[in-house]
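Participant: The opening residue of the sequence shown carries number 0 in numbering that gives the first Met the number 0; numbering runs sequentially from there. Below: one structure in structure tokens.
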Amino acid sequence: MTPVARAPEAAAAAAAAAAAAALYFKRMGWPTSNILAGRKPANEQEEAQVIDTLQDWKTDKYQQMIGSGEVPPRPGVLQLMDDARAAGLKVAVCSAATKSSVVFTLKNLLGEQRFNSLDCFLAGDDVDKKKPDPKIYNVAAQRLGVDPADCVVVEDSTIGLQAALGAGMRCIITYTPSTKQQEFAGAERIVQDVEAAGVTVRELQERRIVQDDRVEFTITDSAVLFGSPNRGSNW
0 MTPVARAPEA AAAAAAAAAA AALYFKRMGW PTSNILAGRK PANEQEEAQV
50 IDTLQDWKTD KYQQMIGSGE VPPRPGVLQL MDDARAAGLK VAVCSAATKS
100 SVVFTLKNLL GEQRFNSLDC FLAGDDVDKK KPDPKIYNVA AQRLGVDPAD
150 CVVVEDSTIG LQAALGAGMR CIITYTPSTK QQEFAGAERI VQDVEAAGVT
200 VRELQERRIV QDDRVEFTIT DSAVLFGSPN RGSNW
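Take a look at the structure:
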């Protein structure tokens, strides 16, 4: 099912993004802008003009990257989705981004067939609270008609993990270069590539395995040293 975007919530999401950008520039300093003849904004109206221009530019560049195919899906995720469908399980996508952006991204990364076969699709416009609040996952479980405890969420950041756990769902992490150093307390699996790590639908149904492929160990004559990206080495 694909719920209809609600205009007030979409507007609220855009306003929140603009407010965050304004706060950043007030702390770090406003840049000079060619839309203001090479000078910094002199008032709130010009500040809003700069932010709107930057947001439009970011959206255009992002869609160009996605449309060009240079941004691949997370390794192994598409196969996991296909296997879940083949096993008769329900599949949903819950994203904090705006609906228009998510639809464009999913149709390019998943393909039309996978996108249209989703049992539920929610974007940031569809809920009034964003991740790490669990509401988007709570709503998804309700629309799917499933118990949250029977759901497994695939996330890539601590914020998403907190939302999944807050909804009472299991969560595995497929981290990105920008989230690799984050703490993922409560996640069952923390891997870069779910396929290479051997994560399968059948395994997720039958048992829970704790795994973190970021942990490295070295065997010496006197000890086994374990190193994590956040804590260094311990033994």
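Glycine included, every Cβ here is placed at the ideal spot set by N, Cα and C.
Distance check for residue 210 and residue 0, CA to CA, integer angstroms please.
Facilitator: No answer about residue 0 holds up, because its pLDDT of 30 lies below 50 and its placement is not dependable.
Participant: Going along the chain, which residues of its own chain have a beta-carbon closer than 7 angstroms to the beta-carbon of residue 52, five neighbours each way excluded?
Facilitator: 34.
Participant: Taking three-plus beta-carbon pairs below 8 angstroms as touching, is the region 157-174 in contact with the region 51-67?
Facilitator: As far as the Cβ criterion goes, the region 157-174 does not touch the region 51-67, which means the pair count is below three.
Participant: Please classify residue 159 as buried or exposed, where buried requires at least 16 neighbouring CB atoms within 10 angstroms.
Facilitator: With 16 or more Cβ atoms within 10 Å of its Cβ, residue 159 is classed as buried.
Participant: Along the chain, where does the beta strand (DSSP E) containing residue 172 start, and where does it finish?
Facilitator: Run containing residue 172: 169-173, per the beta strand (DSSP E) assignment.
Participant: Just how far apart, CA to CA, sit residue 200 and residue 169?
Facilitator: Cα-Cα distance, rounded: 13 angstroms.
Participant: What does a CB cutoff of less than 7 angstroms around residue 203 pick up in its chain, not counting 5 residues either side in sequence?
Facilitator: Closer than 7 angstroms at the Cβ level, and outside the excluded window around residue 203, lie 151.
Participant: For residue 151, does the three-state DSSP call read helix, strand or coil?
Facilitator: Reduced to three states, the DSSP call for residue 151 is strand.
Participant: Output the boundary residues of the alpha helix (DSSP H) element that contains residue 235.
Facilitator: In this structure the chain extends from 0 to 234, so residue 235 is not present and cannot be described.
Participant: Alpha carbon to alpha carbon, what distance is there between residue 23 and residue 93?
Facilitator: Residue 93 and residue 23: Cα-Cα distance of roughly 27 angstroms.
Participant: Take residue 119 as the anchor and find which of 91, 42, 102 and 184 has the nearest alpha-carbon.
Facilitator: Nearest option by C-alpha distance: 91.
Participant: Taking 7 angstroms as the limit between beta carbons, can you name the residues of its chain near residue 101, skipping five residues before and five after?
Facilitator: Hits under 7 angstroms: 94 and 122.
Participant: Got a sec, what are the start and stop residues for the alpha helix (DSSP H) residue 108 sits in?
Facilitator: First-last of the alpha helix (DSSP H) with residue 108: 98-108.
Participant: With which residues is residue 91 paired in a DSSP beta bridge?
Facilitator: Looking at the DSSP assignment, residue 91 forms a beta bridge with 119.
Participant: If you reduce the DSSP assignment to three classes, tell me which class residue 208 lands in.
Facilitator: Here residue 208 sits in coil by DSSP.
Participant: Quick check on the burial criterion: 16 or more other C-beta atoms within 10 angstroms. Buried or exposed for residue 147?
Facilitator: Buried, since its Cβ has 16 or more Cβ neighbours within 10 Å.
Participant: The beta strand (DSSP E) that contains residue 188, what's its start and end?
Facilitator: 188-190 is the extent of the beta strand (DSSP E) around residue 188.
Participant: What's the C-alpha gap between residue 46 and residue 67?
Facilitator: One C-alpha to the other measures close to 32 angstroms.
Participant: Tell me which same chain residues have a C-beta within less than 8 angstroms of the C-beta of residue 64, skipping the five on either side of it?
Facilitator: Same-chain partners within the cutoff: 70.
Participant: Quick one: Cα of residue 43 to Cα of residue 144, how far?
Facilitator: So the alpha carbons of these two residues sit roughly 47 angstroms apart.
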